[in-house]
Each structure stands twice: as C-alpha cells, then as structure tokens.
Amino acid sequence: MTVAGAQQMLWPDHCVQGTPGAELSSELSAGGVHRIIHKGTDPAIDSYSGFFDNGHLQATELNRYLLSRTVDAIYIMGLATDYCVKYTALDGVALGYRTYLVTDGCRGVGVRPGDIEAAIREMVAAGVTLVSSTDLRG
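Residues in the sequence shown are numbered consecutively from 33, following my numbering.
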C-alpha cells in the first residue's frame, strides 16, 4: 500500500511505543548501553533502518551520535535480517562506516523463500563483512 507517497508493507503490530514490546528485554545486560536511538516514530512512514526512515526524508540521531563519538565501525545484529538489519547495514556502508553483520545474532522474517539469503548477499555485495559472535570475543 502507498502512504504519504511511499510504498509501505503492512506488518502485525510490534514494538509499539509505550508498551513492553518496545522495551529492551530484561534478560539483556544494559550495562554497556550508552544511548538508545529511537526509530519508526513517525506514524506516516515506516523506518526499517536505524539511520533513516524508508523514504530517507528524516534521519534518526544515530549517525550524528556515532560521528560525535568518532565511531568508524558498526556491528549490527537483531530482527529482522531481511528488513531492519539489512537497511541499517546498507545505510551504514553508504554513510562510510566499516559495517559488520553478526550473523548468529540475527533472525529474518523470510516472507518469501530465499529472502533472508538474498538480503545477506545484498549486504555483502554492498561491502558488509559477515562475522559471528564468537569472532568478537576478546
């Protein structure tokens, strides 16, 4: 469907602002969390990427925050490999970050067979490096 001039996919309600589904899991150690960047706060347009809405009309605070901290490499994991993770990774590369996908920290939706694998191929072709969580243990 088209909303505000942009093609939108309809999803079941998830991560609704102000509900427990939008909170960090209590099982997650938040000791290393320095900042929470919100995305998808405009009801008129979806936001798969952590950097921009789907139309690239509005940016989140993520790029500005990373630049202020002189970050040059980002490690991405989460849900869903073939949507939010993919678009965040692609935008990260486009913005000049060395971008790593933590493959065992992701799960895809797979609306169609092969979607997840195609998303990973697209990210790699764009310059994303695949790593596993065991590669990161120091």
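We put the beta carbon where it would ideally sit given N, CA and C, even for glycine. Quick caveat: nothing in here was measured; it's all calculated off a predicted structure.
I'd like to know if the region 113 to 128 and the region 63 to 83 are in contact, where contact means that at least 3 CB-CB pairs between them fall below 8 Å. yes
How long is the line joining the alpha carbons of L162 and V103, rounded to whole angstroms? 19 Å
Tell me whether the beta-carbon of I108 lies closer than 8 Å to the beta-carbon of G124. For I108 and G124, yes; Cβs fall inside 8 Å.
Can you tell me where the alpha helix (DSSP H) with L94 in it begins and where it stops? L94 to S100
Any C-beta of chain D sitting closer than 8 Å to the C-beta of M41? Although the question refers to chain D, the structure presented lacks it and comprises just one protein chain.
Span separating the alpha-carbon of Y97 from that of V48: 24 Å
Quick one, which of L99, G50 and V156 has its alpha-carbon nearest D114's? When L99, G50 and V156 are compared, the shortest CA-CA separation from D114 is found for V156.
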